[in-house]
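Trainee: Right, I'll just put the structure down here and ask away after.
Protein chains in written order, with the working numbering: chain G, 1 to 226; chain B, 227 to 456.
Okay, here's the thing in structure tokens:
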């Protein structure tokens with residue numbers, strides 16, 4: 001078999017890049033990490049992702065694949081060991097539906113909440129909690145969203161397991177309380193504690209520092225615009 | 227499973243509903259089309275898509291599938307003996323998915339931005355943004371079609387469906403604003419592709435006539451400019 005060259009453009013903290021990393025690691029695909037500094041993007045990144053200039057970009061034998069969930073599906077189709085998506089078309093459609101929901105609704109409402117000032121956080125919290133409710137429902141009878149094994153939807157939602165604790169610390173608000181979300185709380189521990197996953201997670205304290213700084217910068221910007 | 231009854235909940239002006247209809251047509255799958263009144267959604271719609279309460283919803287047997295591009299992929303996977311809709315090569319498929327995401331996340335919102343523009347300056351900027359996107363898509367067509375008729379090659383495929391469904395609204399926007407967005411001079415490949423797409427047997431009966439859509443649009447856009455008072 002010809003030499004495979006797999007490179008992944010990422011940053012140390014990007015939750016989107018982590019999706020690609022998890023897919024590669026779970027399939028045992030060797031790859032090279034290329035760390036980018038998003039405030040000073042490399043020529044290569046801009047060449048491989050001219051439309052968005054974002055990470056992750058997977059470059060497989062010189063050809064670039066962009067958009068994290070597109071990358072995950074590409075990885076699943078190219079390296080067929082340890083499949084991430086189920087075989088049944090309805091189950092596949094369901095996994096894809098919830099992955100999109102995770103990005104469009106859950107991530108959006110949590111990020112909105114985290115950016116709000118103290119006064120507006122009550123309403124934001126209610127909305128974020130509401131968006132998490134369906135995820136608790138679909139975990140019924142399962143260890144992972146993929147069933148017994150980590151699958152596509154676990155990878156798509158995996159950012160919850162390492163970022164929600166960061167947001168808990170920064171805001172002092174409990175988004176995912178064990179009483180209200182027993183299954184989701186257990187899943188967060190099982191997912192982030194899974195050896196292949198655990199080894200990839202950026203350090204919690206470093207993420208807290210980074211997000212605090214990012215949120216402060218956003219608040220300063222909006223204050224200066226008023 | 228492929229033999230179970232198929233119902234599609236939708237509405238004739240909706241471009242994303244068209245995606246599902248084209249896919250079913252390509253596979254020659256018979257289905258019942260249920261025209262929804264979005265001001266008074268049916269119980270079936272609310273039950274089948276409780277999370278978003280949006281169209282399209284494909285109901286296969288008694289199982290709902292939601293989100294237009296997810297529905298198209300589902301159709302391709304279930305009726306796998308029919309002509310393929312998704313590219314079979316993983317890289318071509320990733321490319322098609324990338325552009326479909328671009329169209330939904332960036333390009334179509336920029337098109338609706340023209341209707342929502344509150345003044346001439348904003349309108350001009352919105353038109354510019356749409357044109358820039360079309361230049362990217364012209365280039366994408368060159369790369370994806372590899373000299374053939376459609377993004378998908380010899381026949382209508384995933385990206386053709388994802389993008390082509392918006393041609394009706396694009397024509398309405400051109401008409402209402404006196405601009406050319408897709409044209410033989412600016413976007414020659416897309417201009418030719420648009421004609422072929424709209425003429426395709428799987429498309430022509432489900433693509434609304436521009437005039438009918440324009441009438442519908444006038445009513446809709448009036449609501450953007452004069453939102454109902456709270």
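Backbone N, C-alpha and C fix where the C-beta goes; we use that ideal spot for every residue, glycine too. All values derive from a computational prediction rather than experimental measurement.
Could you say which of 87/G, 117/G, 69/G, 121/G lies nearest to residue 159/G if we only look at CA atoms?
Mentor: It is 69/G whose Cα lies nearest to the Cα of residue 159/G.
Trainee: Could you name the residues of chain G that residue 335/B contacts, counting a contact when the two beta carbons are closer than 9 Å?
Mentor: Per Cβ cutoff of 9 Å: no residues; residue 335/B is ~13 Å from chain G at best.
Trainee: Just by C-beta distance, which residues in the segment 291-311 of chain B are closer than 8 Å to chain G?
Mentor: Cβ contacts with chain G: 291, 292, 293, 296, 297, 299, 300, 303, 304.
Trainee: In chain order, what residues of the same chain have a beta carbon less than 6 Å from the beta carbon of residue 25/G, not counting five sequence neighbours either side?
Mentor: If we look at residue 25/G and ignore the five residues flanking it on each side, its Cβ neighbours are 196.
Trainee: Within the continuous alpha helix (DSSP H) that includes residue 118/G, where are the two ends?
Mentor: Looking at the DSSP string, residue 118/G is not in any alpha helix (DSSP H), and its letter there is neither H nor E.
Trainee: Exposed or buried, what is residue 366/B when buried is set at 16 or more other beta-carbons lying within 10 Å of its beta-carbon?
Mentor: Classification of residue 366/B: buried, given that the 10 Å Cβ count is 16 or more.
Trainee: Quick check on the DSSP output: the alpha helix (DSSP H) that includes residue 369/B runs from which residue to which?
Mentor: Note, residue 369/B: alpha helix (DSSP H), 346-371.
Trainee: Below 7 Å CB to CB, which residues in the same chain sit around residue 154/G once its five sequence neighbours on both sides are set aside?
Mentor: Closer than 7 Å at the Cβ level, and outside the excluded window around residue 154/G, lie 144, 145, 146, 191.
Trainee: Return helix, strand or coil for residue 151/G, following the three-state DSSP convention.
Mentor: Residue 151/G: coil per DSSP, three-state reduction.
Trainee: Is the shortest distance between the beta-carbon of residue 51/G and the beta-carbons of chain B less than 9 Å?
Mentor: It does; some Cβ of chain B falls within 9 Å.
Trainee: Do you know offhand how far residue 373/B's Cα is from residue 80/G's?
Mentor: So the alpha carbons of these two residues sit roughly 31 Å apart.
Trainee: Which of helix, strand or coil does DSSP assign to residue 181/B?
Mentor: With chain B represented from 227 up to 456, any question about residue 181/B goes unanswered, as that position is not in the structure.
Trainee: Using a Cβ distance threshold of 8 Å, determine whether the segment 384-404 of chain B contacts the segment 430-440 of chain B, with at least three qualifying pairs required.
Mentor: Touching, yes.
Trainee: Give me the subset of the segment 228-239 of chain B whose CB atoms are less than 8 Å from a CB atom of chain G, sorted by chain position.
Mentor: Listed in sequence order: no entries.
Trainee: Span of the beta strand (DSSP E) holding residue 261/B?
Mentor: Run containing residue 261/B: 258-261, per the beta strand (DSSP E) assignment.
Trainee: According to DSSP, is residue 292/B part of a helix, a strand, or is it coil?
Mentor: Residue 292/B: strand per DSSP, three-state reduction.
Trainee: Are there 16 or more other CB atoms within 10 angstroms of the CB of residue 122/G, so buried, or fewer, so exposed?
Mentor: Residue 122/G should be labelled exposed.
Trainee: So what's residue 232/B in DSSP terms, helix, strand or just coil?
Mentor: Three-state DSSP puts residue 232/B in a strand.
Trainee: Let me know the secondary structure DSSP gives residue 277/B once reduced to three states.
Mentor: Correct three-state label for residue 277/B: coil.
Trainee: Taking only the alpha-carbon atoms, compute the straight-line gap between residue 311/B and residue 93/G and give it to the nearest angstrom.
Mentor: Approximately 16 Å, taken between the alpha carbons.
Trainee: Between residue 443/B and chain G, is there a C-beta pair that is closer than 9 Å?
Mentor: For residue 443/B, the answer is no, since every Cβ of chain G falls outside 9 Å of its Cβ.
Trainee: Decide yes or no for the touch test of the segment 307-322 of chain B against the segment 259-275 of chain B: beta carbon pairs closer than 8 Å, at least 3 of them.
Mentor: No: fewer than three Cβ pairs fall under 8 Å.
Trainee: Are any of the Cβ atoms in chain B nearer than 9 Å to that of residue 145/G?
Mentor: By this cut-off, residue 145/G is not an interface position.
Trainee: Provide the residue(s) that pair with residue 34/G in DSSP beta bridges, ordered along the chain.
Mentor: Paired residue(s): 9/G.
Trainee: Please confirm whether residue 182/G and residue 136/G have their CB atoms less than 9 Å apart.
Mentor: Closer than 9 Å, so yes.
Trainee: So is residue 90/G in contact with chain B if we call contact Cβ pairs under 9 Å?
Mentor: Yes - at least one Cβ of chain B is within 9 Å of the one on residue 90/G.
Trainee: Report yes or no: do three or more beta-carbon pairs, one from the segment 345-352 of chain B and one from the segment 411-429 of chain B, lie closer than 8 Å?
Mentor: The segment 345-352 of chain B is not in contact with the segment 411-429 of chain B.
Trainee: Could you have a look at residue 64/G and say whether DSSP puts it in helix, strand or coil?
Mentor: Of the three classes helix, strand and coil, the one that applies to residue 64/G here is strand, per DSSP.
Trainee: Anything in chain B within Cβ reach of residue 70/G, meaning under 8 Å, just list it in chain order.
Mentor: By Cβ distance, chain B contributes 320, 323, 324, 327.
Trainee: Please check if any C-beta of chain B sits within less than 9 Å of the C-beta of residue 106/G.
Mentor: So, not an interface residue.
Trainee: Run through DSSP, which three-state label would residue 59/G get?
Mentor: If DSSP states are grouped into helix, strand and coil, residue 59/G belongs with the strands.
Trainee: Measuring only between beta-carbons, confirm whether residue 456/B sits less than 9 Å from chain G.
Mentor: Low per-residue confidence applies at residue 456/B: pLDDT is 45, beneath 50, and the placement is therefore not dependable enough to give any value.
Trainee: Residues in the same chain with beta-carbon distance under 6 Å from residue 196/B, minus the five sequence neighbours each way, listed in chain order, please.
Mentor: In the structure as shown, chain B begins at 227 and stops at 456. Residue 196/B is therefore absent and cannot be evaluated.
Trainee: Excluding the 5 residues preceding and the 5 following residue 360/B in the sequence, name in chain order all residues of the same chain whose CB lies nearer than 7 Å to its CB.
Mentor: 407, 408, 413, 416, listed in sequence order.
Trainee: Consult DSSP for residue 321/B and reduce its assignment to one of helix, strand or coil.
Mentor: Residue state, collapsed to three classes: helix.
Trainee: If I follow the unbroken alpha helix (DSSP H) through residue 340/B, where does it start and stop?
Mentor: From DSSP, the alpha helix (DSSP H) with residue 340/B extends over 334-342.
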